[in-house]
Every structure is written in structure tokens, then in C-alpha cells.
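Chemist:
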Amino acid sequence: MPNNIKQQIQADLQQAKETGQLRTERIREIVKSAVSQVASEFKQGSSEVRSIVKDAVSAVIENFQEKGSELKDEVTASIEGALEGINSKRHESIAQTQTDIKRLQAQLDGEEEQLQQEVDVILAEIEETGKEKPASTKTAIDSAIDAIKDSEEVGLLKKRYAQLQAQLAIVRANMAARYGGRNMEVQDYLDEAKHWYDKARPQAESVVVQVEEKRSQLEDKLGEAGTSLAKKERQIKQTLRELLLTAADLFKDKEPKDKELAVKERETIQK
623 MPNNIKQQIQ ADLQQAKETG QLRTERIREI VKSAVSQVAS EFKQGSSEVR SIVKDAVSAV
683 IENFQEKGSE LKDEVTASIE GALEGINSKR HESIAQTQTD IKRLQAQLDG EEEQLQQEVD
743 VILAEIEETG KEKPASTKTA IDSAIDAIKD SEEVGLLKKR YAQLQAQLAI VRANMAARYG
803 GRNMEVQDYL DEAKHWYDKA RPQAESVVVQ VEEKRSQLED KLGEAGTSLA KKERQIKQTL
863 RELLLTAADL FKDKEPKDKE LAVKERETIQ K
């Protein structure tokens with residue numbers, strides 16, 4: 623590669639133009655390839671890297687300056703390509719960290735499940751012991767056990783946690799798509815969002831039609847995002863933004879049981 627990254631990019635742009643392949647997607651790939659090769663020799667965030675990015679973008683601007691005010695798409699493609707080029711190594715590290723987080727989350731889920739099983743065994747033994755007690759005592763024991771098993775507070779906390787995790791995964795997908803993440807990385811975040819979204823869904827409770835409609839919208843958006851990503855469409859970024867807004871709109875709505883619990887919590891605080 624020539625020492626001057628601008629020369630390399632302009633040469634590749636000219637070659638693409640001659641073969642009729644000079645589309646915005648090709649511009650992005652040319653800039654990404656050139657920047658990643660040169661940037662790998664320098665420390666992330668250094669002044670040299672910033673200079674490389676400016677030179678790369680300038681090369682594209684100079685090549686298309688005759689377009690004047692209609693230069694936006696080419697400039698956008700050059701900036702995206704430059705960002706992807708300088709962040710490629712960092713995204714590899716992020717992907718590895720995300721893999722480690724998933725492994726730890728699976729381990730945590732397993733330990734929580736084991737803990738829940740142990741609690742269930744203990745409660746069952748207490749319930750069995752209560753059978754030998756007078757009827758009034760047995761009723762009190764059964765009532766206490768049922769209250770512990772059916773704790774609305776615990777159920778709500780688990781659901782809210784899953785909702786937050788689903789939204790966070792969608793935010794990460796947006797960040798990865800915007801700043802040069804690989805398709806696989808974005809898809810991993812979408813899969814993670816769906817996993818947590820499924821955990822947040824109510825299992826055996828009725829929900830109002832409006833909430834069900836929003837749930838359906840979120841499912842559609844998740845599927846649409848995956849399809850756009852598979853086709854490598856630039857539309858993926860807009861789809862991901864809409865997905866995030868849809869998730870935020872859905873999760874801010876409280877279902878009937880949540881409202882009842884919120885009222886109980888307020889009454890408790892007032893007392």
C-alpha cells in the first residue's frame with residue numbers, strides 16, 4: 623500500500639468507477655480496507671489514527687467534489703468506512719467480551735435455577751410437616767408457603783430485569799451497526815434481545831389488546847432487523863432505531879398486575 627492513504631483510496635475509487643462498481647457500499651468498503659490496514663500500525667485513539675481518518679474522508683470528498691451539495695451519501699459512506707476500519711480490532715475484543723458475558727449469564731441462570739429448586743424442596747418439606755398439625759395451623763402454614771411461592775414483587779422484578787436486558791441488547795445492536803460492528807455481532811445482540819424479550823413476556827396472565835399489539839410490533843421489528851441484516855441493507859440502521867423505539871414504547875406500559883402491585887407498594891410506603 624502506498625504511504626499516502628489518500629492515493630490508495632483514490633486509486634481504488636478510480637478502478638471501481640472504471641468497472642461500474644462505484645456505489646456508496648463500495649466506497650465504504652474501499653475506505654474501510656485502506657484505513658484498517660494503516661490504522662493497525664498505530665494505537666487506538668492516537669493522533670495518527672485521527673489523521674488517517676481525515677485523510678481517508680478527504681480522499682473521497684476530493685474525488686466527488688464536482689457533485690457539490692449532493693455529496694452527502696459519499697461522505698457518509700467514507701465516514702462509516704473509516705470508523706469501521708479503525709474500530710475493527712476493538713470490535714473483535716467487544717465480541718469476545720460479549721461471549722464471556724453470555725457464558726457467565728448462563729452460569730448465573732443455572733445457579734439461580736438450582737437455588738430455586740432447593741427452595742422448592744424446603745417449602746415442600748415444610749408443607750408436608752404441616753399436615754401433622756391442627757387444621758388452623760396447617761392453613762396458616764399453607765397460606766405462608768403460597769405467599770412465598772406467588773410473590774408478585776419477585777415476579778415483577780424478574781420481568782423488569784428481563785425488559786431492561788432486552789432494551790440494552792437492542793441499544794448494543796444499534797451501536798454495533800452504527801460504528802462498524804460485524805454482521806454477526808449485530809445478529810448476536812438481536813438474538814440476545816429476543817431471548818430476554820421472551821423472558822419478559824407474561825406466561826399465564828391476561829393482557830390488554832393494546833399491549834398485545836405492541837408485543838406483536840416488537841416481534842415483527844426483531845424479524846425485520848434480522849432480515850435486513852442478512853441482506854446487508856443500509857436500511858438496517860433505520861430498522862434498528864425503530865426497533866429500539868418500539869421496545870421502549872412497549873416496556874414503559876404497565877400490565878394490570880403491575881399496576882395493582884404499584885398501588886400496593888404506594889400504600890405500603892404511605893403506611
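Numbering (my numbering), first residue to last: 623 to 893.
All C-beta atoms in this analysis are idealised placements derived from N, C-alpha and C, irrespective of residue type, glycine included.
Note that this is a predicted model, so its numbers are computed, not measured.
(1) How many Å lie between ASN805 and GLY777 at the Cα?
(2) Would you tell me roughly how many angstroms separate the C-alpha atoms of GLU814 and ILE716, rounded to the nearest one?
(3) From the DSSP output, in three-state form, read off PHE686 for me.
(4) Does the beta-carbon distance from GLN839 to SER850 come in below 9 Å?
(5) I need the straight-line Cα distance from VAL641 to GLU841, nearest angstrom please.
(6) Do the CB positions of ILE649 and ALA633 come within less than 9 Å of each other?
(7) What first and last residue would you give for the alpha helix (DSSP H) that runs through VAL637?
(8) When the Cα of THR698 is compared with those of LYS628, ARG725, HIS713 and GLU651, which residue comes out closest?
(9) Assuming ALA799 and LYS859 are in contact, meaning their beta carbons sit under 8 Å apart, how far apart are those beta carbons, in whole angstroms?
(10) Using 10 angstroms around the beta-carbon of ILE723, count the other beta-carbons present and answer buried if the total reaches 16, otherwise exposed.
(11) Please report the straight-line C-alpha distance between GLN629 and THR719, rounded to a whole angstrom.
(12) When the Cα atoms are used, what is the spatial distance from LYS874 to ARG823?
(13) Quick check on the burial criterion: 16 or more other C-beta atoms within 10 angstroms. Buried or exposed for THR759?
(14) Please report the Cβ distance between ASN709 and TYR801, rounded to the nearest whole angstrom; I am assuming they are in contact, meaning their Cβ atoms lie under 8 Å.
(15) Rounded to whole angstroms, what's the CA-CA distance from THR868 to GLN785? Just pull it up for me.
Modeler: Result, derived from the coordinates:
(1) Within the sequence shown, numbered from 1, the residue matching residue 805 stands at position 183. Within the sequence shown, numbered from 1, the residue matching residue 777 stands at position 155. Near 35 Å, if we compare the C-alpha coordinates of GLY777 and ASN805.
(2) Within the sequence shown, numbered from 1, the residue matching residue 814 stands at position 192. Within the sequence shown, numbered from 1, the residue matching residue 716 stands at position 94. Their backbone Cα atoms lie some 15 Å apart in a straight line.
(3) If you number the sequence shown from 1, residue 686 lands on position 64. In this structure, PHE686 counts as coil in the three-state DSSP scheme.
(4) The residue labelled residue 839 in the question sits at position 217 within the sequence shown. The residue labelled residue 850 in the question sits at position 228 within the sequence shown. Taking the C-beta atoms as reference points, SER850 is found no nearer than 9 Å to GLN839.
(5) Here residue 641 is taken as the residue at index 19 of the sequence shown, counted from 1. Here residue 841 is taken as the residue at index 219 of the sequence shown, counted from 1. Per the sequence shown, the amino acid found at residue 641 is Thr instead of Val. Approximately 41 Å between the Cα atoms of the pair.
(6) Taking the first residue of the sequence shown as 1, we reach residue 649 at position 27. Taking the first residue of the sequence shown as 1, we reach residue 633 at position 11. No. Outside cutoff.
(7) The count along the sequence shown starts at 1 and reaches residue 637 at position 15. Here residue 637 turns out to be Gln, not Val, going by the sequence shown. GLN637 -> alpha helix (DSSP H) spans 627-640.
(8) Numbered from 1 along the sequence shown, position 76 holds the residue referred to as residue 698. For the residues LYS628, ARG725, HIS713 and GLU651, the minimum Cα distance to THR698 belongs to GLU651.
(9) The sequence position of residue 799 within the sequence shown is 177, counting from 1. The sequence position of residue 859 within the sequence shown is 237, counting from 1. The Cβ separation is near 5 Å, so the contact holds.
(10) Stepping through the sequence shown from its first residue, residue 723 is reached at position 101. Burial is judged here by how many other beta carbons sit within 10 angstroms of a residue's own beta carbon; ILE723 has fewer than 16 and is exposed.
(11) Looking up residue 629 in the sequence shown gives position 7. Looking up residue 719 in the sequence shown gives position 97. Near 36 Å, if we compare the C-alpha coordinates of THR719 and GLN629.
(12) By one-based count along the sequence shown, residue 874 stands at place 252. By one-based count along the sequence shown, residue 823 stands at place 201. Our two residues, LYS874 and ARG823, have alpha carbons roughly 14 Å apart in a direct line.
(13) On the sequence shown, residue 759 is found 137 positions in, with the first residue counted as 1. In the assembly as shown, THR759 is an exposed residue. Its beta-carbon has fewer than 16 other beta-carbons within 10 Å.
(14) The residue given as residue 709 occupies position 87 in the sequence shown. The residue given as residue 801 occupies position 179 in the sequence shown. Indeed they touch by this definition, with Cβ atoms about 6 Å apart.
(15) As a working note, residue 868 is residue 246 in the sequence shown. As a working note, residue 785 is residue 163 in the sequence shown. Whole-angstrom Cα-Cα distance: 12 Å.
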